[in-house]
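For reference, the structure is listed below as structure tokens.
There are 2 protein chains.
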Amino acid sequence: MAQALTDFSRLCVHTITTKPWPLEKAAKEFSAAGVSGITVWRDTLAGKNIAQARRMLQDLNLEVVSLCRGGFFPAREAAKKQAAIDDNLKAIDEAAALGAPHVVLVCGAVPGQPLTESRKQIQEGIAACLDHAAAAGVKLAIEPLHPMYADDRSAVNTLAQANDMAEALNSPWVGIAVDVYHLWWDPDLENQIKRCGQNGNLTAFHICDWNTPTTDLLNDRGLMGEGCINLKEIRGWVEATGFTGYNEVEIFSHKFWAQDQHQFLNKIKEAYLKHS
Amino acid sequence: MAQALTDFSRLCVHTITTKPWPLEKAAKEFSAAGVSGITVWRDTLAGKNIAQARRMLQDLNLEVVSLCRGGFFPAREAAKKQAAIDDNLKAIDEAAALGAPHVVLVCGAVPGQPLTESRKQIQEGIAACLDHAAAAGVKLAIEPLHPMYADDRSAVNTLAQANDMAEALNSPWVGIAVDVYHLWWDPDLENQIKRCGQNGNLTAFHICDWNTPTTDLLNDRGLMGEGCINLKEIRGWVEATGFTGYNEVEIFSHKFWAQDQHQFLNKIKEAYLKHS
Chain A
1 MAQALTDFSR LCVHTITTKP WPLEKAAKEF SAAGVSGITV WRDTLAGKNI
51 AQARRMLQDL NLEVVSLCRG GFFPAREAAK KQAAIDDNLK AIDEAAALGA
101 PHVVLVCGAV PGQPLTESRK QIQEGIAACL DHAAAAGVKL AIEPLHPMYA
151 DDRSAVNTLA QANDMAEALN SPWVGIAVDV YHLWWDPDLE NQIKRCGQNG
201 NLTAFHICDW NTPTTDLLND RGLMGEGCIN LKEIRGWVEA TGFTGYNEVE
251 IFSHKFWAQD QHQFLNKIKE AYLKHS
Chain P
1 MAQALTDFSR LCVHTITTKP WPLEKAAKEF SAAGVSGITV WRDTLAGKNI
51 AQARRMLQDL NLEVVSLCRG GFFPAREAAK KQAAIDDNLK AIDEAAALGA
101 PHVVLVCGAV PGQPLTESRK QIQEGIAACL DHAAAAGVKL AIEPLHPMYA
151 DDRSAVNTLA QANDMAEALN SPWVGIAVDV YHLWWDPDLE NQIKRCGQNG
201 NLTAFHICDW NTPTTDLLND RGLMGEGCIN LKEIRGWVEA TGFTGYNEVE
251 IFSHKFWAQD QHQFLNKIKE AYLKHS
């Protein structure tokens, strides 16, 4: 079991968590609340000067933890596969411009295409981006997604698969994002986290909770402590590998997005200390 | 890849699939449609004389494939655990009275209780029912459920786990129900089906499809061919073990339940031949 968190020095919040707030507003509020890190979703950068955004975040003393998200490599047509690679190269450029050390990859899947084929295409897609990632100094973090997203979001659905893929790619510019929402149920999770850390691939750690009942496959994530995830135990496994990075709060929730976002941010801070 | 299905001699339909129909109505319609097998859900037996129901099904030439469902063993309190065991003993008696060779187990989980503890309690619960199952000549079929049900429906979420548990219990009265909806995403599925068959544990095979998007975690299953599951390939793996049992159509769907059930049954027959 992990030691209790007593301050916000390792608290990072994803911009999607407070989706109603545009980037500037979120950054000011996070900073004023004592949040230390921010993971920027690409939609919040649309039409913006990224260098200016970077300065704004620096002035607010927010560390840019990562850029969300690249990926979606599999496709039936070659042109679409190339378009995905191009978009990932662009994401790498954006991350470099923003000062984000890694891009999170939601790897993708094509309904009806064999998962084995999608997995192959994902690995090939990542490989095709590695020279660019190395030149930019930006890591690509494979995020295994819950099996309920295997149809159209990710054919990588366990940490074992992500470990296999990262080890096969064998590059300092490939890592893994461990998200408790996707992985908590896996009987092999402790071992796979250990393996991920030992091989130097544990790049990011995302937290939230699993609601019972869950009313929406995408946008009904819980705040830490609301659900059934053994969060402190999993954080303990992550930290036992030597991981000292951020605990990133990533919550997609129609319920919370409809609420006052200041109050929600306060709830996040409280839940972070009490339940994470 | 499995050989095409050309008749309905191995088609079984679950009563829940045509939920609006009570047991007698479902049985008559299945029989008239040439369906060969029926899996009876316990709710349709409430208040009924089971011996009479058995004769009714025999007269209609429907083979009783299984009784759904027992399970839900884990609990925090000893009294609740005992109540679950008592209910499973009752399900075994009902199956014997109905002539069902096995009871499908939705094993259960308690939100917030460690999955390892729930798994232990499931195995203990099944073990406590085995003498009764043997005396009644009724098998208990562990059904691994999709990881999205790990919070409150089943702590057994992969076929590997079900295989481990069935092998540990090591009884001719324990088997496994393989349902494509729960297991299709698993990269280890082919191997685990092979293992399940080799160890004599492959007791039942349930089919349907996975919709994209899926709008409800429970009641938005697709008809075969509507979704992304590699159904013919999985049936091929199942049959390669020597399995010659029924292909059981088990579809929970608000959409289909709201439709004319005669038309739906025709759609099932068409999809069975074309896509299963």
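Those protein sequence lines, which keep their order, are chains A and P.
Per the UniProt record's numbering, residue 1 is the first one in the first sequence, and the count goes up by one each step.
Per the UniProt record's numbering, residue 1 is the first one in the second sequence, and the count goes up by one each step.
Just so it is clear, CB atoms sit at the ideal spot from N, CA and C, and this is done for glycine as well.
Listed in chain order, the beta strand (DSSP E) runs fully inside the region 180 to 258 of chain P are 202 to 207 and 247 to 249, counting runs of at least 3 residues.
Residues of the same chain with a CB within less than 8 Å of the CB of ALA109/A, apart from the 5 flanking positions on each side, are PRO74, LEU115, SER118, TYR149, ALA150, ASP151, ASP152, ARG153, SER154 and ALA155 in chain order. Residues of the region 165 to 195 of chain A with a Cβ closer than 7 Å to any Cβ of chain P, in chain order: TRP185 and PRO187. Between GLY175/P and GLY242/P a beta carbon distance of about 14 Å is seen, past the 8 Å cut, so the two are scored as non-contacting. If you draw a 10 Å sphere on the C-beta of LYS90/P, you find fewer than 16 other C-beta atoms in it, and that means exposed.
Taking TRP173/P as the centre and dropping the five residues before and after it, the same chain places the C-beta of LEU130, ALA133, ALA134, VAL138, LYS139 and LEU140 closer than 8 Å to its C-beta, in chain order. Taking 8 Å as the CB threshold, TRP237/A stays off the interface with chain P. In this structure, the alpha-carbon of ALA258/P lies about 12 Å from that of ASN219/P. With respect to THR18/P, PHE252/P sits apart: the two C-beta atoms are not nearer than 8 Å.
Among the bridge pairs identified by DSSP, LYS139/P is matched with HIS102/P.
For ALA204/A, the closest of ALA32/A, VAL106/A, HIS102/A and ALA79/A by C-alpha to C-alpha distance is HIS102/A. Residues THR15, ILE16 and CYS68 of the same chain have their beta carbon placed closer than 6 Å to that of TRP41/P, with the five preceding and five following residues left out of the count.
The straight-line gap separating the alpha-carbon atoms of LYS267/A and MET224/A is approximately 9 Å. A check of alpha carbon separations from SER66/P across LYS25/P, ILE142/P, VAL238/P and SER276/P identifies ILE142/P as the nearest.
In the three-state DSSP reduction, SER276/A falls in the coil class, being neither helix nor strand. The CB of GLN82/A never comes closer than 8 Å to any CB in chain P; the least such distance is about 24 Å. Proximity of chain P to HIS146/A at the Cβ level (cut-off 8 Å) is accounted for by PRO147 and MET148, in chain order. Using a 10 angstroms sphere on the CB of ASP59/A, the tally of other CB atoms stays under 16, which defines it as exposed. The alpha carbon of GLU250/P has as its nearest neighbour, out of THR39/P, ASN199/P and PRO20/P, the alpha carbon of THR39/P. Among the CB atoms of chain A, one or more fall inside 8 Å of the CB of ASN157/P. Cα atoms of GLU248/P and TYR272/A: separation of roughly 46 Å, rounded to the nearest angstrom.
Looking at ALA2/A, THR44/A, LEU159/A and CYS12/A, the one whose alpha-carbon comes closest to that of LYS25/A is THR44/A.
Looking at the backbone, the Cα of ASN61/P and that of SER36/P are separated by about 7 Å. In this structure, ALA136/A and LEU98/A do not form a Cβ contact; the two beta carbons are roughly 11 Å apart against a cut-off of 8 Å. Inter-residue distance for GLN261/A and PRO111/P is about 28 Å (C-alpha atoms, whole angstroms).
A straight-line Cα-Cα distance of about 18 Å links LEU159/A and GLN192/P. For the region 217 to 229 of chain P, the beta-carbon criterion of a distance under 8 Å to any beta-carbon of chain A is satisfied by LEU217, GLY227 and CYS228. Residues of the same chain with a CB within less than 6 Å of the CB of HIS275/A, apart from the 5 flanking positions on each side, are MET224 and GLY225 in chain order.
Taken through DSSP and simplified to helix, strand or coil, LEU130/A comes out as helix. By the Cβ neighbour-count rule, ASN49/A is exposed, with fewer than 16 other Cβ atoms within 10 Å of its own. Under the DSSP assignment, ILE50/P falls in the alpha helix (DSSP H) whose first and last residues are 50 to 59. Look at GLN161/A: its C-beta is under 8 Å from a C-beta on chain P. DSSP lists THR39/P as the beta-bridge partner residues of SER66/P. Check the Cα spacing between GLY222/P and each of ILE207/P, LYS232/P and LEU189/P: the tightest is with ILE207/P. Separation of ILE234/A and LEU189/A (C-alpha to C-alpha, rounded to the nearest whole angstrom) is 8 Å. No residue range can be given for LEU145/A, since it is assigned to no beta strand (DSSP E) and is classified by DSSP as neither H nor E.
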